[in-house]
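Below is one structure; the comments refer to it alone.
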Amino acid sequence: MTEDPLTRMMLQLRDWTYDHYHWAFLVGTGVICQSVFFPDPKATTLAWLGCVSAGALLEPCVNPYRQLYGRSLGRLSEGVALTYDDGPGPDTPALLDLLAREKVKASFFLIGQQIEKYPEVVKRIADEGHLIGNHTYSHPNLMLCSPGRTRRELERVQQQLQQLTGQKPVFWRPPFGFRSPWTQPVASQLGLRSALWTVNPRDFQDPGSQVIVQRTQEGLQPGVIVLLHDGLEKRGQTLEATARLISQLKETTNFVRLDQTHG
Ligand SMILES: [Zn+2]
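So that you can map any letter, position 218 of the sequence shown is 655 in the numbering used here, and since no number is skipped, the others follow by simple counting.
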């Protein structure tokens, strides 16, 4: 996952806040800032109102579970959906071999720039019955993109995928899960439904395949959508984790594509 310094900072702040201290961290910071910078009661009230309003409007842009700016599929009614972002990449063929051996169908959210590098792999993903979704052309932070740029990012990938596979994707996933208020309305005009995730084992941090498996299992429930990555860099750990997950779960779990069950 490539990102600019601002996007990286936003990602780190979001994940750290949600992981460790949630809103207590933000409120605590606010209380400290208030006493230090805004000792005057009127200025304090205004500053608090401003911060709370800005937070309430911005938080749904970075929190993948919020629906304020358009509905997103975040959970299914049953099964487990393995989803792979940022591909195709060098490890995608091996992942496809594994999924074929295990007779598991998955969902792939592809980046336009990667599609140009691996067109044959894209055809293979479609031919082998996996769901193909749109993950934008250049993987930008859509909070920082105009409606026009957002539209171009999505439209170009729709055209690429239609030309290569004959299929027009109906699902898309915003890079990093970041959205602005106009993101989903633009996507809807192109017939695209947003699909996010329920479980994020953060395979992109390369924590080791065992940790990826463990983090996934901690969040496993019927209907979960698991976020994994097969593109941009080497994804050996994700591949190994996928193999372990499938072998541990296949007796009890129905692996589904995102469109095989209702969310
Ligand atoms: Zn991505």
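Just so you know, even glycine gets a beta-carbon here, dropped at the ideal spot from N, CA and C.
Judged by pairs of C-beta atoms under 8 Å, the segment 483–499 does not touch the segment 621–637, as fewer than three such pairs exist.
The C-alpha of Val607 is placed about 6 Å away from the C-alpha of Gly628. Straight through space, the alpha carbons of Glu655 and Leu533 are spaced by roughly 25 Å.
A check of alpha carbon separations from Asn578 across Asp643, Glu496, Pro611 and His666 identifies Pro611 as the nearest.
Residues lining ligand 1 by the Cβ criterion, that is a Cβ closer than 5 Å to any of its heavy atoms, are Asp522, Asp523 and Pro612 in chain order.
Remark: C-beta atoms of Pro527 and Ile562 do not approach each other more closely than 9 Å.
Using a 10 angstroms sphere on the CB of Phe613, the tally of other CB atoms reaches 16 or more, which defines it as buried. Within 10 angstroms of the beta-carbon of Pro659 lie fewer than 16 other beta-carbons, which makes it exposed.
Residue nearest to Ser617 within the set Ser583, Thr698 and Ala518 is Ser583 (criterion: CA-CA distance). In this structure, Asn571 places its C-beta atom within 9 Å of the C-beta atom of Leu591. Shown here, Phe641 sits in a helix according to DSSP, grouped into three states.
For the segment 577–602, the continuous alpha helix (DSSP H) assignments of 4+ residues that do not extend past its boundaries occur at 584–602, in sequence order. Using a C-beta cut-off of 8 Å, the segment 546–560 makes no contact with the segment 672–689, since fewer than three inter-stretch Cβ pairs fall below that distance. If you check the CB distance, Leu568 and Leu695 come in under 9 Å. DSSP, reduced to helix, strand and coil, places Phe546 within a strand of the structure shown.
Assignment of alpha helix (DSSP H) within the segment 468–550, counting only whole runs of 4 or more residues, yields 478–499 and 529–539 in chain order. Excluding five sequence positions before and after Glu553, the CB atoms of its chain that fall closer than 8 Å to its own CB belong to Gln597, given in chain order. The alpha-carbon of Phe545 is positioned some 8 Å away from that of Asp523.
Taking a cut-off of 8 Å on C-beta distances, the segment 667–677 does not touch the segment 495–512, as fewer than three cross pairs fall below it.
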